[in-house]
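Peer 1: The sequence shown begins at 1 in the UniProt record's numbering and counts up one residue at a time.
Built from N, CA and C at the ideal position, the CB exists for glycine as well.
Values in this document were obtained by computation on a predicted structure and should not be read as measured data.
Sharing a structure here in structure tokens format.
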Amino acid sequence: MKRPLGAQISHMLKARGVDTIFGIPGVHNQEMYRGIEEAGITHVLARHEQGAGFMADGYARASGKPGVAYVITGPGLCNIMTPMGQAYSDSVPVLVVSSCLDEVEGIKGQLHQMKDQRAAAATVCDWSAEARTPQAAYALIDRALTEMIAQRARPKHIQVPIAALEAPADPAPAPRPYTAPSLPQMGDALDRILSADRLLFVFGGGAKVGFEVTRKALKALGAASFTTYAGRGIVGTDDPLHFGAGLSQPASADVIGSADVVVVVGSELAEVDLWRSHLGHQSLLVRVDIDPSQFTNTDAGVLNILCDGPLLMRALLERAEAMDKPASGWTKDEVAKSRTAWRADSDAARPGITPLCDALRDVVPDDTMIYSDMTQFAYVAMDVWPMEKPGHWHHPFGFGTLGYATPAAIGGAIARPDKPTLAIIGDYGFHYTMQELGVAVELGLPLPIILWDNGKLKEIEDSMTRAQIAPNAVIARNPDFCKLAEAFGAYAAAPKTMRDMQDAVQAAFKADGPTLIYLTSEIID
């Protein structure tokens, strides 16, 4: 039956598996809210569109499904652009649906008017498009959701004019199933990989799916491995030939240079993965990715394979099991020596945080999903905290925005009810999205929020000092964070010892609402 298009969009999303929408209603997008409850979708009211975007991001990372957000014209869309940029950088499927003005050229001075809203959004997402008719809206939504499955996951933005949202429309067509691609023909690529003596893999976040096969293949091949930070957990913690997430360590370039074939699976080898201009390989480099834009290196020593990582690892496993693979050219002693040295280097760079990470890890339940922010606590933790499985530690990597952890963890907790979720955030980053604590209180989420307060932008201060710049504008006056949390209706704790911190975390996972756990350097002194 005919309903306003705004209502039909919600029904369409529900038919395609969307059960939660994050956002804030306004006069311009209220028609989108007409059909939410009728369709049986849960709406989570954020305090700011930036929070809504991070919640959708966190939900997507935890559930494996697209996160969806509804926002208004103009400022609502601008406010969610930072989360869109973060989702683009980290390959997260987020669909932002906004209203837009019907006319912007012939009429000026309208509420929420922008010169070119669609183009503004296009700068931080995969694509941004305007749907002027119901048919266009339905086609764009299906295109967005299908591409999130078939291609590298990226955020998309669809805007619909207010008059179109209000106009009666026929229902959307039924969803069409998507068939995943099969393993492509790769010629002699497998032979070249299997011929290596010191075979080395680097796994990025794009290789998370099918990690069990990857672990079996590594063992059968006698191969050594690294992961990027986003790929942590793909390789088992008990693998004696796994170097961990140590790519950013300068000495890792020498290790990589000693391999005779290096296979990079599902990683763009970004600046935040390496912090240097070259991976360090001296021999054949094989790039395996579903995104052909990663194949920009025309070096004769690079072999590019357009393929989903799990398909390749399954093919390698089958070949390795069918052949008499010689003993590995790597030894567990050389791997252990490197890992020990890199752990010590990480601890020396930011003293005292490593033992705190170890103490926290000891009391975090199995299957906990962790969301971290741009803070020194997280930087150390990602170096020294081994992950048992992939996709359980989420961080704003490439875009590197502050304020991510709290709202993203809220989205993650909503996606996984009755499963543990933890946030780690710094004092300055907490200021960015602290208002979203009210959402966690409203929903009664048992969410521990580790707030690391070093009283300043310590990482920036250290960088200024290294650059021989007198530290400036790195200290801000902080509130009493515990009282602030309590004012929202949350629980709060300020442990002074490691044991007290562990007790507070364990209690927080059992609470009937979020708990702010306030930590300072006093706990490690």
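1. Which term fits Met1, buried or exposed, when burial requires 16 or more other beta carbons within 10 angstroms of its beta carbon?
2. So Tyr371 and Gly67 are in contact, right, with Cβ under 8 Å, and what is the actual spacing, rounded?
3. Where do the ends of the beta strand (DSSP E) carrying Cys78 lie?
4. Is it the case that the Cβ atoms of Pro25 and Leu165 are separated by a distance below 8 Å?
5. Pull up the distance between the alpha-carbon of Glu459 and that of Ile424, whole angstroms please.
6. Can you give me the start and stop residues for the alpha helix (DSSP H) that Lys483 sits inside?
7. With respect to the alpha helix (DSSP H) encompassing Leu316, which residues constitute its N-terminal and C-terminal limits?
8. Please classify Arg176 as buried or exposed, where buried requires at least 16 neighbouring CB atoms within 10 angstroms.
9. How far does the beta strand (DSSP E) with Arg287 in it extend, from its first residue to its last?
10. Got a sec, what are the start and stop residues for the beta strand (DSSP E) Glu130 sits in?
11. Taking C-alpha atoms, which residue in Leu457, Tyr138 and Asp345 lies nearest to Arg477?
12. Would you mind reading off the limits of the alpha helix (DSSP H) that contains Lys156?
13. Which same chain residues, not among the five before or five after His48, have their C-beta less than 8 Å away from its C-beta?
14. List, from N- to C-terminal side, the beta strand (DSSP E) runs of 3 residues or more that fit wholly inside the stretch 17–64.
15. Is the distance from the Cβ of Ile305 to the Cβ of Val261 below 8 Å?
16. Cα separation between Asp512 and Thr368?
17. Buried or exposed: where does Val215 fall if 16 or more other Cβ atoms within 10 Å of its Cβ makes it buried?
18. Is it the case that the stretch 286–297 contacts the stretch 137–149, given that we only count it when at least three CB pairs across the two stretches are under 8 Å?
19. Check whether the Cβ atoms of Lys72 and Ser89 lie closer than 8 Å to each other.
20. How is the beta strand (DSSP E) around Phe226 delimited, first residue to last?
21. Assuming contact is defined by CB atoms lying nearer than 8 Å, are His242 and Ala259 in contact in what I supplied?
22. Mark Asp373 as exposed unless 16 or more other C-beta atoms lie within 10 angstroms of its C-beta, in which case mark it buried.
23. In this structure, does DSSP put Ile234 in helix, strand or coil?
24. Identify which residue in Glu37, Leu303, Ala87 and Phe481 has its Cα closest to the Cα of Phe54.
Peer 2: The answer reads as follows:
1. Position 1 of the sequence shown, counted from the start, is the residue given in the question as residue 1. Exposed: under 16 other Cβ atoms inside 10 Å.
2. The sequence position of residue 371 within the sequence shown is 371, counting from 1. The sequence position of residue 67 within the sequence shown is 67, counting from 1. About 13 Å separates the two Cβ atoms, so there is no contact after all.
3. Translated into positions along the sequence shown, residue 78 becomes position 78. Per DSSP, Cys78 belongs to no beta strand (DSSP E); it is in the alpha helix (DSSP H), Pro75 to Asn79.
4. Within the sequence shown, the letter at position 25 stands for residue 25. Within the sequence shown, the letter at position 165 stands for residue 165. No, the Cβ-Cβ distance between Pro25 and Leu165 is not below 8 Å.
5. Position 459 of the sequence shown, counted from the start, is the residue given in the question as residue 459. Position 424 of the sequence shown, counted from the start, is the residue given in the question as residue 424. In a straight line, the C-alpha of Glu459 is about 16 Å away from that of Ile424.
6. Residue 483 sits at position 483 when you count from the first residue of the sequence shown. First-last of the alpha helix (DSSP H) with Lys483: Phe481 to Phe488.
7. Within the sequence shown, residue 316 is the residue found at index 316, counting from 1. Element bounds for Leu316: Gly309 to Ala322.
8. Taking the sequence shown and counting its residues from 1, the one referred to as residue 176 is at position 176. Exposed, by the Cβ-count rule.
9. Along the sequence shown, read from residue 1 onward, the residue named residue 287 stands at position 287. Where Arg287 is concerned, the enclosing beta strand (DSSP E) stretches over Leu284 to Asp289.
10. Looking up residue 130 in the sequence shown gives position 130. Residues Trp127 to Glu130.
11. Within the sequence shown, numbered from 1, the residue matching residue 477 stands at position 477. Here the closest residue by C-alpha is Leu457.
12. For the purposes of this step, residue 156 is taken as residue 156 along the sequence shown, with counting starting at 1. Not the alpha helix (DSSP H): Lys156 falls in the beta strand (DSSP E), residues Lys156 to Pro161.
13. Looking up residue 48 in the sequence shown gives position 48. Taken in chain order, the residues that qualify are Ile24, Asn79, Thr433, Gln435 and Glu436.
14. 20–23 and 42–45, all fully within the stretch 17–64.
15. Position 305 of the sequence shown holds residue 305. Position 261 of the sequence shown holds residue 261. Cβ distance not < 8 Å, so Ile305 and Val261 don't count as in contact.
16. Your numbering for residue 512 matches position 512 in the sequence shown. Your numbering for residue 368 matches position 368 in the sequence shown. Distance between the alpha carbons of Asp512 and Thr368: 17 Å.
17. On the sequence shown, position 215 is the one that residue 215 refers to. According to the sequence as given, residue 215 is Arg; it is not Val. The residue in question, Arg215, is buried, as its Cβ has 16 or more Cβ neighbours within 10 Å.
18. no
19. The count along the sequence shown starts at 1 and reaches residue 72 at position 72. The count along the sequence shown starts at 1 and reaches residue 89 at position 89. The question names Lys, but residue 72 in the sequence shown is Ile. For Ile72 and Ser89, no; Cβs fall outside 8 Å.
20. Counting from 1 along the sequence shown, the entry for residue 226 is found at position 226. Note, Phe226: beta strand (DSSP E), Ala224 to Thr227.
21. Here residue 242 refers to the residue found at position 242 when the sequence shown is read from its first residue. Here residue 259 refers to the residue found at position 259 when the sequence shown is read from its first residue. No, the Cβ-Cβ distance between His242 and Ala259 is not below 8 Å.
22. Counting from one through the sequence shown, the residue named residue 373 turns up at place 373. With 16 or more other Cβ atoms within 10 Å, it is buried.
23. In the sequence shown, the residue the question calls residue 234 occupies position 234. Reduced to three states, the DSSP call for Ile234 is coil.
24. The count along the sequence shown starts at 1 and reaches residue 54 at position 54. Per the Cα distances, Ala87.
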